[in-house]
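Asker:
2 protein chains.
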Amino acid sequence: MPTTADYERMLREASLRVTRPRLAVLAAVHDHAHADTDALIGSVRESLGEVSHQAVYDVLRALTTAGLVRRIQPSGSVARYESRVADNHHHLVCRSCGAIVDVDCAVGETPCLTAAEGHGFAVDEAEVTYWGLCPACFTPPRS
Amino acid sequence: MPTTADYERMLREASLRVTRPRLAVLAAVHDHAHADTDALIGSVRESLGEVSHQAVYDVLRALTTAGLVRRIQPSGSVARYESRVADNHHHLVCRSCGAIVDVDCAVGETPCLTAAEGHGFAVDEAEVTYWGLCPACFTPPRS
DNA sequence: CCCATTTTCTTGACTCATTCCAGAAAACGG
DNA sequence: CCGTTTTCTGGAATGAGTCAAGAAAATGGG
C-alpha cells in the first residue's frame, strides 16, 4: 500500500506538480478500484474538504495522460478509474449490477494483441471486456 | 444487400411491428456501418422527412434488444450501431480519427471467451477492442 | 373492410456527466 | 523571496440520452 511519499514520487517522476488535490485523487484511485468520478470526488472531499469537481476532472485527465491511472468506460457506464496500469489485465463486468473485477489475460503475455487482420492499423492495445452475470446476480439452475 | 422486404421480414421474425421509421432505421444501420445516432437520424430523415429523434432512439433500443443490430460504444465515443450481429467479430479503433473497422476474431471460433479466472461470473460475451492508429493517421518511420 | 386494443411516434422538458471559461491561488525555478 | 507557469475555483454551458403524456399508427378479431 503506497504512502503519500510514494504518490508524491510518482507525480514528480511523471513531471507533474505535486498538489494536495492530486495526492488525494491518486490515493482515492488506489483505495477504490473502478470508482467513478463522483465517488472519487466524494473520497477526495472526505480527506481535503471542499474541492471543485473541475479540479478532480482535471487531475484525473492529467494522471491518465501521464499513465499513472487508467480510465475505463464499459458501454453504458460513466468513466471509471483504476490504479493497475501497464499490466495488460482485463475486466469482467456484470450486466445486472455493474460490478467490475479484474482478470489477468487469458492468452499469455500480450494476449489478443494480434488481430487476425490488421487492416494496416498500428495496434498498440487490445482491450477485452467480458460481459456476464456476477455470482450474486446469477441464480444457477437448481438441480 | 437486403431489400425493404427483407427488413420487413426481419422485423416480423423478431415480433416487432413494421413501421416506416423502423424500416428506415434498419436500412440506415445496414447502409452506414458504425454510424452514431446523429448520423442515423440524418439518414432516416433523408428518406422519410421529419422523424423525431426520440423515435430513432426508441427504435434503436428495440432493434438492439431484439438482436437485429448491435450497439457498440468505444470509450470516449457516443453510441454507434452496426448490422453485423451474432458473428463474434471485434473492432479496431483509430485513436486519432476515430475510424472503426471490423476484425474477425483472432483466436478461433468463440475466442477470448475463456477468461483466465472466471471469478464465478457467468460470462456470455467477450468484447475485444483494438486501439491504434489507422493507416491514414499513422506516418510510418521512413527508411 | 372496420373497429378496438396495443404499441409506437411526437413534442418538449429534463437529467447528468463532462467540458469551457475567466479569474484567483498555489507550485516551481532562479 | 519573486516572477512565471500551471492548477484550482466557481459558475455557466454543452450534448447525448431519457422521461412523460397524448396523438397516431399497426395488428388482429369481427
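Residue numbers (our numbering), protein chains in the order written: chain A, 576 to 718; chain B, 576 to 718. For every residue, glycine included, the Cβ atom is placed at its ideal position computed from N, Cα and C. Computed from a prediction, not measured in an experiment: that's the story for all the values here.
#1: At what residues does the beta strand (DSSP E) containing His628 of chain A begin and finish?
#2: Counting only C-beta atoms, is Ser650 of chain B closer than 8 angstroms to chain A at any point?
#3: What does DSSP give as the partner residues of Ile616 of chain B in its beta bridges?
#4: Do you know how far the Cα of Arg620 of chain B is from the Cα of Tyr705 of chain B?
#5: Look at Leu599 of chain B and Leu623 of chain B and say whether their C-beta atoms are less than 8 angstroms apart.
#6: If contact is defined by three or more beta carbon pairs under 8 angstroms, each pair taking one atom from either stretch, is the region 665-673 of chain B in contact with the region 627-642 of chain B?
#7: Assuming Arg655 of chain A contacts Ala610 of chain A under a Cβ cut-off of 8 angstroms, what Cβ separation, rounded to an integer in Å, is found between them?
#8: Chain B beta carbons: is any one of them nearer than 8 angstroms to that of Val698 of chain A?
#9: What does the Cβ neighbour count give for His628 of chain B, buried or exposed, with the cut at 16 atoms within 10 Å?
#10: Looking only at its own chain, which residues have a Cβ that is under 6 angstroms from the Cβ of Glu583 of chain A, when we skip the five neighbours before and after it?
#11: Can you name, in chain order, every residue of its own chain whose Cβ lies under 8 angstroms from the Cβ of Val678 of chain B, other than the five neighbours on each side?
#12: With a Cβ-Cβ cutoff of 8 angstroms, do Pro596 of chain A and Gly695 of chain B count as a contact?
#13: Tell me, please, whether the CB atom of Val600 of chain B is closer than 8 angstroms to any CB atom in chain A?
#14: What is the rounded straight-line gap between the Cα of Val604 of chain A and the Cα of Ser658 of chain A?
#15: Here's the rule I'm using: 16 or more other beta-carbon atoms within 10 Å means buried, otherwise exposed. How should Ser618 of chain A be labelled?
#16: Given this structure, state the Cα-to-Cα distance separating Val631 of chain B from Gly651 of chain B, to the nearest angstrom.
#17: Can you tell me the Cα-Cα spacing of Ala614 of chain A and Ala697 of chain B, whole angstroms?
#18: List the residues of chain B that Cys672 of chain A touches, going by C-beta distances under 7 angstroms, in chain order.
#19: With a threshold of 8 angstroms on Cβ separation, who are the neighbours of Val567 of chain B within its own chain once the five nearest residues in sequence on each side are excluded?
#20: Can you tell me whether Glu702 of chain A is buried or exposed? The criterion is at least 16 other CB atoms within 10 Å of its CB, across all chains shown.
Answerer: On the basis of the supplied data:
#1: It is not in any beta strand (DSSP E) - His628 of chain A instead sits in the alpha helix (DSSP H) that spans 628-641.
#2: Chain A, which has a Cβ nearer than 8 angstroms to the Cβ of Ser650 of chain B, makes this yes.
#3: Answer by DSSP bridge pairing: none, since Ile616 of chain B is not bridged.
#4: Spanning the two alpha carbons is a distance of roughly 33 angstroms.
#5: In the sequence as displayed, the identity of residue 599 of chain B is Ala instead of Leu. Cβ distance < 8 angstroms, so Ala599 of chain B and Leu623 of chain B count as in contact.
#6: no
#7: 6 angstroms
#8: So, interface residue.
#9: exposed
#10: Val593
#11: His664, His665, His666, Leu667, Tyr705.
#12: no
#13: no
#14: 6 angstroms
#15: buried
#16: The straight-line gap from Cα to Cα measures roughly 22 angstroms.
#17: 27 angstroms
#18: Among the residues of chain B, none has a CB under 7 angstroms from the CB of Cys672 of chain A; the nearest is roughly 11 angstroms distant.
#19: Lying outside 576 to 718, the shown extent of chain B, residue 567 of chain B is not represented and no answer is given.
#20: buried
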